[in-house]
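Shown next, in structure tokens, is the structure this report addresses.
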Amino acid sequence: MNEAELVAYLAGLFDAEGTILIEKKQPRWNNKSTQYILTVSVTNTRPELVRASHEQYGEHIVGPIRVKEGQKPFYRWSLSGAAARDFLRDIEPYLIIKRDRVALAYELQDRIDNYRHKPVQKDELGIREGIYLRFRRINKRGVSEPDSI
């Protein structure tokens, strides 16, 4: 499989089995501000699927993880920050299901990169919170109206 085919394959795997997450971390000290962290991950019971993502893009891989007795162990690969955004840029042309989340992921990570090593002002934190809340609305679990074909 050539690199373009592998990226398309990983995009399909990610669209079906992957997650885009914007994590919100509260500050631990008074002089720190809330952090927003972009993370992407793929979780699967087949280690070779998770390994393919790791071999192409690196960063973190964990597993086998067993949740309950009798369950298959699972494996997870993840990227955070700019590496997550770069991965999404590679696979975006092939995404169908998660395409709406990608624009918000870019918006957040680009803002974070623009503030690298600078204090984050309250108005910027408000913008990041707005992105976080829009992302949560898109990602909300539960019953939704079925799409028409």
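Letter by letter, the sequence shown follows residues -5 to 143 in the working numbering. Each residue gets a CB set at the ideal place from its N, CA and C atoms; glycine is no exception. As the structure is a prediction and not an experimental result, all values here were calculated from the model.
If you reduce the DSSP assignment to three classes, tell me which class K112 lands in.
Reduced to three states, the DSSP call for K112 is coil.
Would you mind reading off the limits of the beta strand (DSSP E) that contains R83?
It is not in any beta strand (DSSP E) - R83 instead sits in the alpha helix (DSSP H) that spans G75 to I85.
Hey, how far is the Cα of L98 from the Cα of I31?
Approximately 12 Å, taken between the alpha carbons.
What does DSSP give as the partner residue(s) for Q103 in the beta ladder?
BP columns for Q103 are empty, so no partner.
Applying the 10 Å Cβ sphere with the 16-neighbour rule, what's the burial state of V61?
It counts as exposed.
Looking only at its own chain, which residues have a Cβ that is under 7 Å from the Cβ of N38, when we skip the five neighbours before and after it?
Correct list, in chain order: E11, V44, F68 and Y69.
Less than 8 Å between the beta carbons of L73 and Y109, yes or no?
Contact flag unset, no.
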